[in-house]
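S.K.:
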Amino acid sequence: MESERRFEIEDEYENEQLLLDLETELHQVQALKKQIQQQLCQLLQDQKYLQQQQQRQTRQNDRQKSGAATARMLHLQEEERIRLANKEAQRLSNENKVKEKANEVQRRQEIAIETQDNDLEDLDAFLIRDASQF
0 MESERRFEIE
10 DEYENEQLLL
20 DLETELHQVQ
30 ALKKQIQQQL
40 CQLLQDQKYL
50 QQQQQRQTRQ
60 NDRQKSGAAT
70 ARMLHLQEEE
80 RIRLANKEAQ
90 RLSNENKVKE
100 KANEVQRRQE
110 IAIETQDNDL
120 EDLDAFLIRD
130 ASQF
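Once you know that position 75 of the sequence shown is 74 in numbering that gives the first Met the number 0, the rest is easy, because the numbers rise by one and skip nothing.
(1) Whose C-alpha, out of 45, 19, 69, is nearest the C-alpha of residue 108?
(2) What whole-angstrom Cβ distance do residue 21 and residue 111 have, given they're in contact under 8 Å?
(3) Use the C-beta contact count for residue 24: other C-beta atoms within 10 angstroms, 16 or more gives buried, fewer gives exposed.
(4) Straight-line CA distance for residue 96 to residue 58?
(5) Let me make sure I understand the geometry here. Which of 85, 100, 132, 47 has the alpha-carbon closest to that of residue 34?
Written as structure tokens, this is what we have:
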């Protein structure tokens, strides 16, 4: 009787821990979602800026064709092109990092949910399989 009660208490404790872990991961996912939304807004602003730069570039190319470009303008254009290329590379890198974090959190959340749904007595085998993936 006492061992059954102790087993129930341990089982309840494990369930509470799983719920706490899931809540923590949910908060992480929500934070990542907010971060992604902010980055999307930034990307939209960057896109607008790049469109404006493209229009400026087109106008500058038109001037070059008409002979109005100077060495200084060409130098500034090259600097701007390099700056934009660096900014795009940084944006892609940040976007990939955010996606990787979101995928990892989602994977952990799915694993936690699967563990909670399945037989918890088989948890050791599950943890061994999960650890082998790393």
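All C-beta atoms in this analysis are idealised placements derived from N, C-alpha and C, irrespective of residue type, glycine included. None of these values were measured; they are calculated from a predicted model.
M.R.: Once the coordinates are examined:
(1) One-based indexing of the sequence shown puts residue 108 at position 109. When only C-alpha atoms are compared, the closest one is 19.
(2) Position 22 of the sequence shown, counted from the start, is the residue given in the question as residue 21. Position 112 of the sequence shown, counted from the start, is the residue given in the question as residue 111. Residue 21 to residue 111, Cβ: 5 Å. Contact.
(3) Within the sequence shown, residue 24 is the residue found at index 25, counting from 1. Burial check for residue 24: the Cβ neighbour count within 10 Å reaches 16 or more, so the residue is buried.
(4) The residue given as residue 96 occupies position 97 in the sequence shown. The residue given as residue 58 occupies position 59 in the sequence shown. For residue 96 and residue 58, the gap between their C-alpha atoms comes out near 36 Å.
(5) Within the sequence shown, residue 34 is the residue found at index 35, counting from 1. Looking at the Cα atoms, 100 is the closest of the given residues.
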